[in-house]
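Residue numbers (the UniProt record's numbering): 1 to 113.
Every residue, glycine too, gets a C-beta built ideally from N, C-alpha and C.
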């Protein structure tokens with residue numbers, strides 16, 4: 001399996017286990033996260049780009065992968081994603097570069113899925 005299939009499979013499997021738990025707090029957090037990315041005053045594309053750049057600055061590889069997948073779904077071009085990730089790297093500093101490498105690799109693989 002490739003990076004995309006591995007990530008999506010693991011994420012789905014573990015989300016099912018998490019949602020099967022009795023934790024109302026966790027369920028509410030998941031619900032809040034889902035609702036935050038719906039159309040509002042900002043469109044879905046803008047929110048996904050914000051999610052991607054914040055995730056890079058915070059250095060959360062799983063979050064970056066998730067938002068890259070969503071960015072592909074909503075129709076971002078490679079140049080747009082790269083430009084946004086450039087801004088995130090500027091804001092986050094050179095410590096973001098290892099995560100940027102993995103983000104480029106994941107985005108490249110997404111183009112072949």
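| Check | Outcome |
| --- | --- |
| Range of the contiguous alpha helix (DSSP H) that encloses residue 4 | 3–19 |
| Endpoints, the alpha helix (DSSP H) within which residue 55 is located | 44–58 |
| CB of residue 57 within 8 Å of CB of residue 103, strictly | no |
| Cβ pair residue 105, residue 3 closer than 8 Å | yes |
| Cβ contact check for the segment 33–43 and the segment 78–85: 3 or more pairs under 8 Å | no |
| Spatial distance of residue 86 from residue 22 (CA atoms) | 40 Å |
| Cβ-Cβ distance between residue 113 and residue 59 below 8 Å | no |
| Inter-residue Cα distance where the pair is residue 89 and residue 100 | 7 Å |
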